[in-house]
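Asker:
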Amino acid sequence: VSDLNAGAVLGLSAVLLGVGLFGILTRRNFILLLIAIEIAMNAAILNFVAFGAFLGNGGGTVGLSGQAIAVVLVGLAATEVAVGLAIVLALNRLKGSINVGEATSLKL
Amino acid sequence: VSLELWAFAVLAVVAVVTGLLALLVRELVHTILWVAVFFVDLAAIYFLLEAPFLGVLQLGVYAGAVTILLLFGVMVTRKRIFFREATTGIGAGALGLALLAIVLVATAGSALFSAPATLHPYAVADLSQLLFTQDGGWLVLLGLTMLSALAGAIFLVREGRE
Chain C
1 VSDLNAGAVL GLSAVLLGVG LFGILTRRNF ILLLIAIEIA MNAAILNFVA FGAFLGNGGG
61 TVGLSGQAIA VVLVGLAATE VAVGLAIVLA LNRLKGSINV GEATSLKL
Chain F
109 VSLELWAFAV LAVVAVVTGL LALLVRELVH TILWVAVFFV DLAAIYFLLE APFLGVLQLG
169 VYAGAVTILL LFGVMVTRKR IFFREATTGI GAGALGLALL AIVLVATAGS ALFSAPATLH
229 PYAVADLSQL LFTQDGGWLV LLGLTMLSAL AGAIFLVREG RE
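In order, the protein sequences belong to chains C and F.
According to the working numbering, the first sequence is numbered sequentially starting from 1.
According to the working numbering, the second sequence is numbered sequentially starting from 109.
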């Protein structure tokens with residue numbers, strides 16, 4: 001590999017997804033869980049940007065569509081953090097802790 | 109080896125290291141500071157990939173709004189904001205590392221590294237035009253999602269339930 005290509009960016013994206021998954025599986029604090037989900041989501045957005053940047057618009061507008069979807073995804077991720085923090089506040093008020101192990105009200 | 113590849117390599121290493129540090133440090137506030145560095149680093153990668161609009165969006169939404177929201181979340185749920193996390197199970201860590209290894213092997217084993225290497229620059233005006241014509245539906249859908257999420261968030265944190 002002598003120049004920046006799509007494979008390098010997709011590789012970074014895969015590693016970041018792994019980092020996010022690692023966090024989701026190991027952390028028990030709700031805020032850390034949210035951060036891990038954000039890292040995984042950023043990996044997905046990076047994927048869209050990479051495909052948009054390297055495929056270009058071969059006749060159509062393929063390349064720009066990738067970035068348009070990435071724009072929508074950034075908004076979606078911000079929405080997800082807002083709802084996640086609402087859950088954190090509700091959990092903190094109900095249980096007095098934001099450890100996900102304490103949220104067991106739906107257990108049979 | 110081109111200058112772009114060097115820049116990307118440095119940014120990629122910083123992204124992975126700050127991402128891991130964010131999940132591994134014990135102080136929750138340090139986590140948020142590391143994840144802020146991670147977001148800024150990704151914005152730099154977007155600029156490198158000829159996506160300046162997305163880079164600015166990343167800086168504004170992630171490095172700005174999301175970081176402050178997370179800090180706010182820490183602030184209102186802790187008596188002292190500097191707080192050490194309890195240690196976690198080693199089995200789950202091993203499982204996470206195994207998943208990371210699987211993803212890495214799947215990536216390296218594919219033909220990705222002979223992928224196209226030509227960047228396609230574009231005018232930001234074209235992107236905005238696309239967002240209002242061909243991909244306009246996505247934006248409308250995002251707006252509706254945000255509206256319902258706002259309603260849901262208010263429902264979750266409202267006072268005087270039960």
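Just so you know, even glycine gets a beta-carbon here, dropped at the ideal spot from N, CA and C.
Note that this is a predicted model, so its numbers are computed, not measured.
#1: I think C:Ile-24 touches C:Leu-12, with their Cβ atoms under 8 Å apart; what is that distance to the nearest whole Å?
#2: Any C-beta of chain C sitting closer than 7 Å to the C-beta of F:Val-265?
#3: Select from C:Asn-29, C:Ala-36, C:Arg-28 the residue whose C-alpha is nearest the C-alpha of C:Gly-18.
#4: Are there 16 or more other CB atoms within 10 angstroms of the CB of F:Phe-240, so buried, or fewer, so exposed?
#5: Name the chain C residues whose beta carbon is nearer than 7 Å to that of F:Asp-234?
#6: Does the structure place the segment 115–131 of chain F close enough to the segment 141–150 of chain F that three or more beta carbon pairs sit under 8 Å?
#7: Do C:Gly-75 and C:Gly-52 have their C-beta atoms closer together than 7 Å?
#8: Looking only at its own chain, which residues have a Cβ that is under 8 Å from the Cβ of F:Glu-112, when we skip the five neighbours before and after it?
#9: Please go through the same chain and pick out, in chain order, the residues whose beta-carbon is closer than 8 Å to the beta-carbon of C:Ile-39, but skip the five residues on each side of it.
#10: Under 8 Å, CB to CB, which of the residues in the segment 235–246 of chain F have a partner in chain C?
#11: Taking CB distances under 7 Å as the criterion, tell me whether F:Thr-126 reaches chain D.
#12: For a cutoff of 7 Å on Cβ pairs, would you count F:Thr-155 as touching chain C?
#13: How would you label C:Ile-31, buried or exposed, when you count the other beta carbons within 10 angstroms and need 16 or more for buried?
#14: Would you report the Cα separation of F:Ala-117 and C:Leu-4, rounded to the nearest angstrom?
#15: Would F:Leu-258 and C:Val-81 be called neighbours here (beta carbons separated by less than 7 Å)?
#16: Using DSSP with H/G/I as helix, E/B as strand and the rest coil, what is F:Glu-158?
#17: Mind checking who C:Asn-99 pairs with in its DSSP beta bridge?
#18: I'd like to know if C:Leu-94 contacts chain F, where contact means its C-beta is closer than 7 Å to some C-beta of that chain.
#19: Measuring only the C-alpha atoms, how far is C:Asn-92 from F:His-138?
#20: Residues of chain C with CB closer than 8 Å to the CB of F:Leu-178, please, in chain order.
#21: Using the beta-carbon count (16 or more within 10 Å), is F:Leu-255 buried or exposed?
#22: Can you tell me whether DSSP reads C:Gly-59 as helix, strand or coil?
#23: Out of F:Leu-250, F:Thr-226, F:Val-133, point me to the one whose CA is closest to C:Gly-7's CA.
Answerer: According to the structure data:
#1: No, C:Ile-24 and C:Leu-12 are not in contact; Cβ-Cβ is about 19 Å, not under 8 Å.
#2: Yes, its Cβ sits closer than 7 Å to a Cβ of chain C.
#3: The shortest Cα separation from C:Gly-18 among C:Asn-29, C:Ala-36, C:Arg-28 belongs to C:Ala-36.
#4: By the 10 Å Cβ count, F:Phe-240 comes out exposed.
#5: Listed along chain C, the residues sitting closer than 7 Å to F:Asp-234 by beta-carbon distance are Leu-64.
#6: Pairwise C-beta distances place the segment 141–150 of chain F in contact with the segment 115–131 of chain F, as three or more of them are shorter than 8 Å.
#7: One thing to note: C:Gly-75 has its Cβ no nearer than 7 Å to the Cβ of C:Gly-52.
#8: Excluding sequence neighbours, F:Glu-112 sits near Leu-156.
#9: Answer for C:Ile-39: Leu-16, Val-19, Gly-20, Gly-23, listed in chain order.
#10: Listed by position, the residues of the segment 235–246 of chain F near chain C (Cβ gap below 8 Å) are Leu-235, Leu-238, Leu-239, Gln-242, Asp-243, Trp-246.
#11: No chain D is present in this structure, whose protein chains are C and F.
#12: The sequence given here places Phe at residue 155 of chain F; Thr does not occur at that position. It does not: the Cβ of F:Phe-155 has no partner Cβ on chain C nearer than 7 Å.
#13: Classification of C:Ile-31: buried, given that the 10 Å Cβ count is 16 or more.
#14: Taken atom to atom, the span from the alpha-carbon of F:Ala-117 to that of C:Leu-4 is near 9 Å.
#15: No.
#16: Correct three-state label for F:Glu-158: coil.
#17: Under DSSP, C:Asn-99 takes part in a beta bridge, and its partners are C:Asn-29.
#18: Not one chain F Cβ lies under 7 Å of C:Leu-94.
#19: C-alpha separation (whole angstroms): 21 Å.
#20: Within chain C, the C-beta atoms nearer than 8 Å to that of F:Leu-178 come from Ile-31, Leu-34, Ile-35, Val-81, Leu-85, in chain order.
#21: With fewer than 16 other CB atoms across the displayed protein chains lying within 10 angstroms of its CB, F:Leu-255 is exposed.
#22: With a pLDDT of 46 at C:Gly-59, under the threshold of 50, the modelled position of this residue cannot be trusted; read the value that follows with caution. Here C:Gly-59 sits in coil by DSSP.
#23: Checking every option, the nearest Cα to that of C:Gly-7 belongs to F:Thr-226.
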